[in-house]
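A.B. asks:
Numbering (this note's numbering), first residue to last: 5 to 176.
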């Protein structure tokens with residue numbers, strides 16, 4: 005009898021069509037390695053509470069790295085862009101991305117962030133957009149337990165918080 009194998013592959017976060025221009029906007033901000041403002045910290049805490057999740061996070065995505073700008077509920081600093089969930093989120097700049105159970109989603113089941121720490125099962129995120137519509141990063145909630153649904157009011161509030169977080173980044 006052949007044992008059932010767990011997936012070892014996952015979808016890599018895509019590079020975007022306007023990547024060069026998007027990256028110039030990220031570089032212009034100069035935010036990597038800086039401390040998060042108290043207001044951004046409050047936003048990620050509200051995101052975690054909104055979804056009853058382990059963590060709320062604001063990220064900045066550069067060429068190869070997802071930088072954690074603010075994190076509530078954990079100690080993350082960065083991850084490779086190609087394995088980041090937020091790297092997928094910024095590919096659809098006008099949508100909320102929700103993964104109810106990453107362990108059963110073929111895009112993520114073999115992802116190191118699912119198989120290992122922080123053991124993501126649930127993810128919901130919204131892109132952080134410049135006024136020109138370029139996605140700089142994402143505002144998200146993650147949890148170690150899957151979810152069954154996303155309420156419209158949660159999605160609406162996440163978008164509002166994402167807009168506020170993007171304004172903070174632009175003003176930094």
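Glycine residues also receive a C-beta, built at the ideal position from the N, C-alpha and C atoms.
Taking 6 Å as the limit between beta carbons, can you name the residues of its chain near residue 170, skipping five residues before and five after?
C.D. replies: The residues are 132, 133.
A.B. asks: Using the C-alpha atoms, what's the distance from residue 149 back to residue 69?
C.D. replies: Taking the straight line joining both Cα atoms gives about 25 Å.
A.B. asks: Select from 41, 164, 116, 50 the residue whose C-alpha is nearest the C-alpha of residue 73.
C.D. replies: The candidate whose alpha carbon is nearest that of residue 73 is 41.
A.B. asks: What first and last residue would you give for the beta strand (DSSP E) that runs through residue 74?
C.D. replies: Here the beta strand (DSSP E) through residue 74 covers 69–76.
A.B. asks: Once DSSP output is grouped into helix, strand and coil, what is the label at residue 100?
C.D. replies: Correct three-state label for residue 100: coil.
A.B. asks: Given residue 154, which residues of its chain have a CB within under 7 Å of its CB, disregarding the five upstream and five downstream residues?
C.D. replies: If we look at residue 154 and ignore the five residues flanking it on each side, its Cβ neighbours are 102, 128.
A.B. asks: Do you know how far the Cα of residue 23 is from the Cα of residue 136?
C.D. replies: If I take the Cα positions, the gap works out to 14 Å.
A.B. asks: Between residue 45 and residue 99, what straight-line distance do the alpha-carbon atoms span, to the nearest angstrom?
C.D. replies: Looking at the two C-alpha atoms, the distance is approximately 23 Å.
A.B. asks: Tell me whether residue 31 is buried or exposed, calling it buried when 16 or more other Cβ atoms sit within 10 Å of its Cβ.
C.D. replies: Answer is exposed; the Cβ neighbour count stays below 16.
A.B. asks: Just curious, the beta strand (DSSP E) that residue 82 is in, first and last residue?
C.D. replies: 82–84 is the extent of the beta strand (DSSP E) around residue 82.
A.B. asks: Give a yes or no on whether the C-beta atoms belonging to residue 125 and residue 107 are separated by under 8 Å.
C.D. replies: Yes, the pair counts as a contact, with Cβ atoms nearer than the cut-off.
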